[in-house]
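Engineer:
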Amino acid sequence: MLPLSERIWKLSARDFAPRLIGCTLVRILPTGERLAGVIVETEAYTGPEDLASHAAGGRRTARNESMWAEPGTAYVYFTYGMHFCFNVSCFRKDHPAAVLVRSVEPTEGIDTMRRLREGGTLRKRALRDRDLCAGPGRLCRAMAIDRSLDGEDLHRSSQLAILDRPAGQSEPPIVRTPRIGLGGEVGFWKDEPLRFVWADHPFRSR
DNA sequence: GCTGTGATCGCCT
DNA sequence: GGCGATCACAGCA
């Protein structure tokens, strides 16, 4: 599998989000260990007009600066006092568009992911593979993604990369739904079908 | 499988 | 000072 080509990063968030389904997110840990998973669920945050976006109305702050960066920049933010979420900027520099990666199917480093997920918290049952990375906070925990990776250039990073679908693989079947967990006065943006899910994929979030 | 609830803190107003 | 692009667990079906 090859890295995403230049023209793909430049798609609008609306087009980039479904295009990421089936691509592989790769994380190289400081130890050199490689973790990877196939993207099965994404959400698009289209630009300043998108009232559900952190950059709604053109808001530009230290926190969301990566949304405005070169296409293919990681935007990682902290929320709910305990979770990180991983996004990729797209479209063009100085325009705040990004795609949130909501869940992946783990393919490499699964034991390490389970250790990262279970670290610290006591659990009654062992985590199933399909729960390891099903949700934006979960996948960041399982792949050791935090704010230190905010601003990473995914073309050149030695820690994070996105590989395209294998050549010749057919397009995955995709279902569109409204985005999850939006609050505040976002008007019709709450209903816009900007969430993209690999149809009936067992590793999507619930 | 679904629903309700509490946890927890950096960032923006 | 208030809230959020969430999660885990309990309780119920």
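Following my numbering, the numbering of the first sequence begins with 857 at its first residue and continues without gaps. In this text, a Cβ means the ideal position worked out from N, Cα and C, and glycines have one as well.
Can you give me the start and stop residues for the beta strand (DSSP E) that Leu1016 sits inside?
Structural biologist: Leu1016 to Leu1019
Engineer: State the beta-bridge partners of Ser1013 as determined by DSSP.
Structural biologist: Note: Ser1013 sits in no beta bridge, so no partner.
Engineer: Would you kindly report the start and end of the unbroken alpha helix (DSSP H) that includes Arg997?
Structural biologist: Pro992 to Ala998
Engineer: Gly888: beta carbon under 6 Å from a heavy atom of the ligand GTP?
Structural biologist: Questions concerning the ligand GTP fall outside what the structure shown contains, since it holds no ligand whatsoever.
Engineer: Within its chain, find whatever has a CB closer than 6 Å to the CB of Val944; leave out the 5 residues flanking it on each side and keep chain order.
Structural biologist: Val955
Engineer: Would you tell me roughly how many angstroms separate the C-alpha atoms of Leu1050 and Ala990, rounded to the nearest one?
Structural biologist: 18 Å
Engineer: Measure the CB-CB distance between Arg1035 and Glu899 and report whether it falls below 7 Å.
Structural biologist: Cβ distance < 7 Å, so Arg1035 and Glu899 count as in contact.
Engineer: Helix, strand or coil for Leu867 per DSSP?
Structural biologist: Looking at Leu867 - three-state DSSP - the assignment turns out to be coil, as it is neither helix nor strand.
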